[in-house]
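Asks: Handing you this structure, nothing more for now.
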Amino acid sequence: MSTANSTPDTIVLIHGFWVTPRSWEHWVSHYEARGYRVLAPAYPGFEVEVEALNTDPTPIVNLTVPAIISHLEEVVRELETAPILIGHSAGGAFTQILLDHGFGAAGVAINSAPTEGVPVVPLSQVRATFPVLRNPANHHKAVAYTPEQWHYAFANTFSPEESLALYERYAIPASGRILWDSVLANLQPGHQGTWVDYRNDARAPLLFIAGSEDNLMPPAIQRSNAKHYTSATVTEVKEYPGRAHLLPAQAGWEEVADDALEWAVAHARTSAPGGANAPSGGATPGQLA
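In terms of UniProt numbering, the sequence shown is residues 1 to 289.
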């Protein structure tokens with residue numbers, strides 16, 4: 001359980017879909033060199049290597065948002081001090097949910113998937129997710145990108161050679177069920193799995209980082225998501241020109257990593273509780289756009 005009045009000494013890096021914790025490999029060593037304990041937890045069933053998930057995607061097919069959130073909260077709950085939470089893509093949405101549940105001293109959401117209630121759907125996002133959403137039968141499958149689809153969605157500002165190398169190192173299929181459910185999230189009655197209380201004044205500060213060239217989660221999504229927060233807690237957006245979705249692996253990532261850490265340390269709530277606002281009941285199977 002996180003304790004009050006302690007300076008954050010741990011950073012938790014939360015990966016998104018189509019990748020694993022391996023996508024944080026540079027950030028882990030970078031932050032460790034600065035004296036932080038760094039955790040990059042995998043989703044349930046993702047503890048194996050990229051190659052194993054590509055061979056047998058069963059854990060991806062079985063994945064649910066509530067299971068992911070429960071697992072991440074358990075990881076954070078075991079820490080002695082409230083950590084800095086940094087999430088990329090879907091991991092950005094999960095960072096927002098953990099903050100809303102009372103976890104973390106500060107949060108950074110990089111090229112974040114939106115939480116429930118954010119209606120912005122740019123055309124580039126439609127194209128980037130079309131490989132999954134073009135066929136309703138994909139609801140029950142793990143759906144992989146081709147190298148060309150990966151380049152458009154994740155690495156459109158990278159050279160073709162670099163994009164392919166990163167595809168081969170990082171890419172895995174994504175859950176068709178979670179992505180398909182995300183299409184209907186704002187149409188379903190009641191709170192869904194990615195719901196947060198935008199009026200929660202007890203939430204720790206949150207920074208959205210947007211890559212200007214991101215096709216999968218464009219800056220318009222980050223700005224809209226941030227504007228939904230009406231609480232008195234700090235919520236800010238910073239956009240980086242020329243950055244694609246796979247920002248954590250793009251040349252110049254060190255600048256973003258250092259900026260994110262500097263912001264989080266400056267705004268950290270050292271008295272952040274460890275899950276004071278977590279829901280007492282089970283979560284509704286969740287959605288991500």
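All C-beta atoms, glycine included, are put in the ideal place defined by N, C-alpha and C.
1. To the nearest angstrom, how far is the alpha carbon of Val234 from that of Leu206?
2. Can you tell which of Glu239, Ala42, Val19, Ser6 has its C-alpha closest to the C-alpha of residue 291?
3. Touch check for the stretch 104 to 113 and the stretch 133 to 147: three-plus C-beta pairs under 8 Å?
4. Name, in chain order, the residues that DSSP records as bridge partners for Glu262.
5. Looking at the secondary structure, which residues open and close the beta strand (DSSP E) in which Ala105 lies?
6. Counting only the same chain and skipping the five closest in sequence on each side, list residues whose C-beta sits under 6 Å from that of Ser163.
7. Here's a check: name, in chain order, each residue in its chain whose Cβ is nearer than 6 Å to the Cβ of Asp197, leaving out the five neighbours to either side.
8. Which whole-angstrom value describes the C-beta separation of Val265 and Pro59, a residue pair presumed to lie in contact below a C-beta threshold of 8 Å?
9. Can you say whether Thr146 is buried or exposed, counting buried as having 16 or more other CB atoms within 10 angstroms of its CB?
10. Using only the alpha-carbon positions, how far apart do Arg177 and Thr194 sit?
11. When the Cβ atoms of the stretch 48 to 59 are set against those of the stretch 81 to 88, are three or more pairs found closer than 8 Å?
12. Does DSSP put His88 in a helix, in a strand, or in coil?
13. What residue does the alpha helix (DSSP H) around Lys227 start on, and which one ends it?
14. Quick check on Phe208: does DSSP put it in helix, strand or coil?
15. Using the Cβ count rule (16 or more neighbours within 10 Å means buried), how would you classify Ser182?
16. Once you ignore the five residues that flank Leu39 on each side, which residues in its own chain have a CB closer than 6 Å to its CB?
17. Kindly provide the ranges of any beta strand (DSSP E) runs that are 3 or more residues long and lie completely inside the stretch 4 to 74, ordered along the chain.
Replies: By the coordinates alone:
1. 6 Å
2. Residue 291 is absent from the structure shown; the chain starts at 1 and stops at 289.
3. no
4. DSSP, once it has assigned bridges, lists no residue as partnering Glu262.
5. It is not in any beta strand (DSSP E) - Ala105 carries neither H nor E in the DSSP assignment.
6. His151, Ala155
7. Asp100
8. No, Val265 and Pro59 are not in contact; Cβ-Cβ is about 34 Å, not under 8 Å.
9. exposed
10. 14 Å
11. no
12. strand
13. 219 to 228
14. strand
15. buried
16. Val12
17. 10 to 14, 37 to 39
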